[in-house]
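>
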Amino acid sequence: MKGQVTDGGVVNGVVHTESPAGVSGTEVLSLPAPTNEWVEHSFTFNIGSDPEWGLGFTLGGVCGAVAGCSVAVDFDNIRLTAN
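Here the working numbering is used: position 44 in the sequence shown is 70, and no number is missing along the way.
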C-alpha cells in the first residue's frame with residue numbers, strides 16, 4: 027500500500043463473511059496511514075460461522091467532516107490465504 031492522506035482522511039479495510047441468511051461475520055482491518063513508498067502489510071482475521079457464499083473484501087479511503095480532506099491510496103498484490 028502507498029499513498030497520502032490529509033487531516034480527516036483514513037484508509038479502511040473490512041472483511042464480511044457472507045451466508046444465505048446474510049452477513050455472519052465482520053472483521054475490520056486496522057490499516058495505518060499510507061506512506062509515499064510501497065509498504066507490505068499482513069493481517070489475520072476470523073471468518074463468520076457460515077461462509078457458504080464467500081467473503082466480501084473492501085479496501086478504500088474515507089474522509090471525515092474536515093474541509094479539504096483528501097485520500098489517495100494504491101493497493102497492489104493483494105492475497106487472501108485460508109488457514
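We put the beta carbon where it would ideally sit given N, CA and C, even for glycine.
Alpha carbon to alpha carbon, how far is residue 66 from residue 5? Give it in angstroms, no decimals.
Examination of residue 5 is not possible in this model, given that the chain is present from 27 through 109 alone.
> Any contact of the region 89-99 with the region 33-41, i.e. 3+ C-beta pairs under 8 Å?
Enough Cβ pairs lie closer than 8 Å, so yes.
> In the DSSP assignment, find the unbroken beta strand (DSSP E) run with residue 89 in it and report its ends.
From DSSP, the beta strand (DSSP E) with residue 89 extends over 81-89.
> Can you grab the Cα-Cα spacing for the pair residue 69 / residue 86, in whole Å?
Taking the straight line joining both Cα atoms gives about 16 Å.
> Could you tell me the distance, in whole angstroms, from the CA atom of residue 44 to the CA atom of residue 63?
Cα to Cα, the separation comes out at about 34 Å.
> Secondary structure at residue 51, three-state DSSP: helix, strand or coil?
Residue 51 falls in the strand class under three-state DSSP.
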